[in-house]
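Following: one structure in structure tokens, then a few remarks.
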Amino acid sequence: MVSFKRRGGRRPGATDTRESILAAAREAFTRAGYRPATIRGIAAAAGVDPALVMHFFGNKETLFREAMTLPVEPAAVLSRALATSPDRAGEVIAATFLEIWDSAAHRDSLLGLVRASVTEQAASDMFRATILDGIEHALTEFGVSQPRLRGTLLASQLMGLAMARYILALEPLASAPRPDVAAAVAPTLQRYISGDITRESPRD
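Numbers in the numbering used here are just positions in the sequence shown, counted from 1, shifted up by 862.
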């Protein structure tokens, strides 16, 4: 009788395989960008067949969306801030945004998303659908005027801050202490959220 020895260790399951694919995709999208990264290359890096990538995610766009998902949903942070301390919402958003970006665990994903959103339609569509629409909804629920304009102004401030501090590394902003940067940008964010954004009428 021939006996077979069972290999030690836990057999990889679907969850492990899926996470391996997401990790490989995140690295590929961050390093190469959306268009140059391929399903075949991502599959090779994850050690799986390309068909398995398609089985889990269906297409490259869905894979990108799941791999580059933000660690914190901006609209949820804004909604909580508006519900508890509306006058400090800008401060909360600034502090949360900088804390996430300063985290080494999330930096690569965020860099990849910002870079891709500038050059790739799929990434910019995802940014619009997952971030801007949520922010607009939160502002609409709060009852401010022009929620879409306010949301895009808010996003423009945060995206500009990310570009200057983390991608272009413009000094002294790049090395400024996080609390100082948060304190500097919070009033502008607060004005975009609930302040006056209309042009003042000329005085006689």
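Here a beta-carbon is modelled for each residue, glycine too, at the ideal position from N, C-alpha and C.
Among the options, nearest to residue i - alpha-carbon criterion
i       : options                            : result
Arg888  : Ser971, Ala907 and Gly920          : Ser971
Met930  : Ala890, Thr946 and Ala951          : Ala890
Arg969  : Tyr1028, Pro898, Ala885 and Gly909 : Tyr1028
Ala1074 : Asp878, Leu932, Ala943 and Asn921  : Residue 1074 falls outside the range modelled here, since the chain spans only 863 to 1066, and no answer is possible.
Glu982  : Pro898, Asp878 and His917          : Pro898
Leu1068 : Gly996, Thr1002 and Arg1061        : Absent from the model: residue 1068. The displayed extent of the chain is 863 to 1066, so no value can be given.
Straight-line Cα distance separating residue j from residue i
i       : j       : result
Ala894  : Leu975  : 12 Å
Leu960  : Ala1044 : 7 Å
Phe1004 : Pro1049 : 18 Å
Asp911  : Pro948  : 50 Å
Glu824  : Val980  : Outside the displayed span of the chain (863 to 1066) sits residue 824, for which this structure offers no information.
His917  : Ala938  : 31 Å
Met1021 : Glu928  : 20 Å
Phe989  : Glu998  : 13 Å
Ala1046 : Thr879  : 44 Å
Asp987  : Asn921  : 16 Å
Ala1068 : Thr1014 : A query on residue 1068 cannot be resolved here, the shown segment of the chain reaching from 863 to 1066 and no further.
Ala913  : Ile962  : 34 Å
Arg1061 : Pro1034 : 32 Å
Proximity of residue i and residue j at Cβ, strictly below 8 Å
i       : j      : result
Gln1008 : Ile955 : no
Leu940  : Ala951 : yes
Ile883  : Val915 : yes
Leu1051 : Leu994 : no
Ile904  : Ala886 : yes
Tyr896  : Phe926 : yes
Ala991  : Glu923 : no
Arg1053 : Asp964 : no
Leu973  : Thr892 : yes
Exposure of residue i, with buried meaning 16 or more beta-carbon neighbours within 10 Å
i       : result
Leu1030 : exposed
Leu1032 : exposed
Leu1011 : exposed
Pro936  : buried
Ala966  : exposed
Ala978  : buried
Gly1019 : Here the sequence assigns Gln to residue 1019, which means Gly is not the residue at that position. So Gln1019 ends up on the buried side.
Ala945  : exposed
Gly909  : exposed
Pro1064 : Confidence in Pro1064 is poor, its pLDDT being 49 and thus under 50, which makes the residue's placement unreliable; the coordinate value appears in the next sentence. Label assigned to Pro1064: exposed.
Ser1037 : exposed
Ser1056 : buried
Residue-level contact to chain C via CB, residue i, 8 Å cutoff
i      : result
Met916 : In summary, chain C is missing from the structure at hand, where a single protein chain is found.
Runs of beta strand (DSSP E) lying entirely within the stretch 949-984, each at least 3 residues, in chain order: none
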